[in-house]
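Using my numbering, the first residue of the sequence shown is number 2, and each one after it goes up by one.
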Amino acid sequence: MGIRTGTQYIEALKARQPEVWLSGRRVTNLYEDVVFKQPIHEIAKLYDMQHDPARQDSITHICEETGERVNNAFLVPKKPEHLQARRQVFEEFAKVTFGLMGRTPDFLNVVVTSLYSNADFLAKYNPDWAENAKNYYRHVRDNDLFLTHAIINPQNDRSKTSHEQQDTFTHLGAVRETPEGLIVRGAKMLATLSPITDEVIVYSFPGFKPGDERYALAFALPIDTPGLRILCREPMQDGTRCLADHPLASRFEEMDALLVFNDVLVPWDRIFLYNNVEAANLLYPKAGLGQQPSHQTGVRGLIKLQFATEVAMRVADSIGVDAYLNVQNDLGELAQSVESIRALLRVAELEYETLPSGDLVPGYNPIETIRGLLPTFYPRAIEVMQIIGAGGLLMSPTEGDLTNPELAEDMERYYGGREGISGTDRIHLFKLAWDLCGEAFGQRLLQYERYYTGDPIRKKAIFYNNYKKTHSFAMVEEALDVSQIPGAYGQN
2 MGIRTGTQYI EALKARQPEV WLSGRRVTNL YEDVVFKQPI HEIAKLYDMQ HDPARQDSIT
62 HICEETGERV NNAFLVPKKP EHLQARRQVF EEFAKVTFGL MGRTPDFLNV VVTSLYSNAD
122 FLAKYNPDWA ENAKNYYRHV RDNDLFLTHA IINPQNDRSK TSHEQQDTFT HLGAVRETPE
182 GLIVRGAKML ATLSPITDEV IVYSFPGFKP GDERYALAFA LPIDTPGLRI LCREPMQDGT
242 RCLADHPLAS RFEEMDALLV FNDVLVPWDR IFLYNNVEAA NLLYPKAGLG QQPSHQTGVR
302 GLIKLQFATE VAMRVADSIG VDAYLNVQND LGELAQSVES IRALLRVAEL EYETLPSGDL
362 VPGYNPIETI RGLLPTFYPR AIEVMQIIGA GGLLMSPTEG DLTNPELAED MERYYGGREG
422 ISGTDRIHLF KLAWDLCGEA FGQRLLQYER YYTGDPIRKK AIFYNNYKKT HSFAMVEEAL
482 DVSQIPGAYG QN
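Here's what the structure looks like:
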């Protein structure tokens, strides 16, 4: 089939019946549910973009294997131009969503592509795993599927490994083997957008220890597989708020969920790894599951940071406070953070690395630096926005007030900004800013960015240790070597 349309995505969603729970009720019609309907349409727009003549050639390509047109996220990068082509779709998808949806289809399609092209790693442990990974990639690519993933264990007792938990199946683990496949039980999170996806892929970060064999798993399933329960977090918007009052929260609410597997059957041809601690610990680094999707993460993070920076600048301009040096300093800091991420992305693409498979991946040091800086840069942008907007962020009336003729004079006189900024314009701008920096929706975006790539302290510690191992410190040694300099030791 190749690239599908937004309508085809919606029709496939309507045909499924996953077990979705939200606020104590089971959602039986996702498309008509007020919480999910608008986000579904935002995802559908991304699929329609693939058919836009103005965009199609820059975000899709003709698959050499099938002759069908497919998304660039499925492109196996064998030369630098391929990395550029993938960045193009990352940028286009991120711009349409302002970088606010972290799990658009391109993200996990990159993961599946990387698993496919590095299947030789899996073949060392089990040839069937490698073949399954290759076939699954083709299945997702050829049907243009939308995936979620669940790779983190529930936050129970973090001081203990999976097999040390009080309940054997608190964390997702294998129960038993059957002729048809593997029975699994337990839970995984943080499955973003899972209710409105096609399938889920499960794998884990490194950290398995002897005794954790049953939890060493990687597989994929349709999201409506029997026994798979989706427990959604509390929604950040109820789906009934006015679009003008909440221009972001009403469109881009990205539901997160805990996935509970109640003795779910995973067919053998959907298993990519099982019962092998060593393979599970090496999967993430050896199959490119870190650096390849980090490229998409970096591009999306850049767009999100740029959007927040632009909103902060417009808020400052609308009330004339950017005439003050301290505000200019803060906004200049944000602008430089945007340009820093932009420059690092270019360096990561130029200083690419080549995996044993022949795949090109963005350079480790610059891409990991992006992952270390974004959890600091984005919260700072939100903080600056809050400081600039100050009490004005708390005082916005509603669209109902704006459209009431009896209140029109008050709206213009008391809510207008600097010369040339009407009351209506300033109110709408401040509502946009409040969605980002004050509403529950915006706070979720903030928390999400802080921990998007994992524990930021642990990530920086890993980066430091890798940096130390790969650097010779030659300049330090040269500076210390003064033996060849006359008089270095008091000699004439």
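Cβ coordinates follow ideal geometry from the N, Cα and C atoms, glycine included. Treat the numbers as computed from the prediction; the structure is a model and nothing was measured.
Can you tell me which residues form a DSSP beta bridge with residue i?
i, result
"E20", "R230"
"E440", "Partner(s): none; E440 has no beta bridge."
"A175", "V185"
"L266", "I184"
"E354", "V362"
"A258", "C233"
"F94", "DSSP, once it has assigned bridges, lists no residue as partnering F94."
Output needed for residue i: all residues of its chain with C-beta closer than 6 Å, excluding positions within five of it in sequence on either side, in chain order.
i, result
"L346", "G299"
"G182", "L266, V267, P268, W269"
"I152", "Y204, S205"
"C243", "E400"
Roughly how many angstroms lie between the CA atoms of residue i and residue j, to the nearest whole one?
i, j, result
"F442", "K432", "13 Å"
"I342", "E350", "12 Å"
"R139", "G7", "20 Å"
"E66", "V90", "21 Å"
"F75", "E255", "23 Å"
"L47", "V348", "28 Å"
"E410", "I428", "14 Å"
"A175", "L218", "8 Å"
"I11", "I202", "20 Å"
"E479", "T370", "27 Å"
"N327", "I463", "36 Å"
"P457", "D402", "43 Å"
"D323", "R26", "48 Å"
"G390", "R142", "45 Å"
"N330", "H247", "29 Å"
"T226", "M386", "44 Å"
"P221", "V77", "Here residue 221 is Ala; the residue named in the question, Pro, does not match the sequence. Straight-line Cα distance between these residues: approximately 20 Å."
"G455", "I383", "20 Å"
"M2", "Q297", "25 Å"
"D58", "H164", "49 Å"
Within 10 angstroms of the Cβ of residue i, are there 16 or more other Cβ atoms? Answer buried if so, exposed if not.
i, result
"Q51", "buried"
"F108", "buried"
"T105", "buried"
"K470", "exposed"
"Q337", "exposed"
"L481", "exposed"
"R177", "exposed"
"D264", "exposed"
"R372", "buried"
"I224", "buried"
"Y325", "exposed"
For residue i, collect the residues of the same chain with a Cβ closer than 7 Å to its Cβ; drop the 5 residues on either side in sequence, then sort them by chain order.
i, result
"Q292", "V362, P363, Y365, I368"
"N133", "D270, R271, I272, F273"
Tell me which residues share the same chain as residue i and place their Cβ nearer than 8 Å to its Cβ, disregarding the 5 neighbours each side in the sequence.
i, result
"E92", "V300, I304"
Notebook entry, point to check: Does the segment 418 to 430 come within contact of the segment 371 to 378, defined as at least 3 CB pairs closer than 8 Å?
Noted result: Look at the beta carbons and you see the segment 418 to 430 not touching the segment 371 to 378: under three pairs across the two are nearer than 8 Å.
Margin query: Can you confirm whether the segment 445 to 455 touches the segment 385 to 400 when touching is taken to mean that 3 or more C-beta pairs between the two stretches lie within less than 8 Å?
Written below: These segments do not touch.
Check: Are there three or more Cβ pairs, one per stretch, closer than 8 Å when the segment 141 to 151 is compared with the segment 189 to 197?
Finding: Yes, they touch.
Check: Taking three-plus beta-carbon pairs below 8 Å as touching, is the segment 110 to 123 in contact with the segment 70 to 88?
Finding: Touching, per the Cβ criterion.
Notebook entry, point to check: Is the segment 118 to 126 touching the segment 276 to 292 in the sense that three or more CB pairs, one from each, lie closer than 8 Å?
Noted result: With a cut-off of 8 Å, the segment 118 to 126 and the segment 276 to 292 count as touching, because enough Cβ pairs lie within range.
Check: On the three-pair Cβ rule with 8 Å, is the segment 221 to 232 touching the segment 15 to 29?
Finding: With the cut-off at 8 Å, the segment 221 to 232 and the segment 15 to 29 touch.
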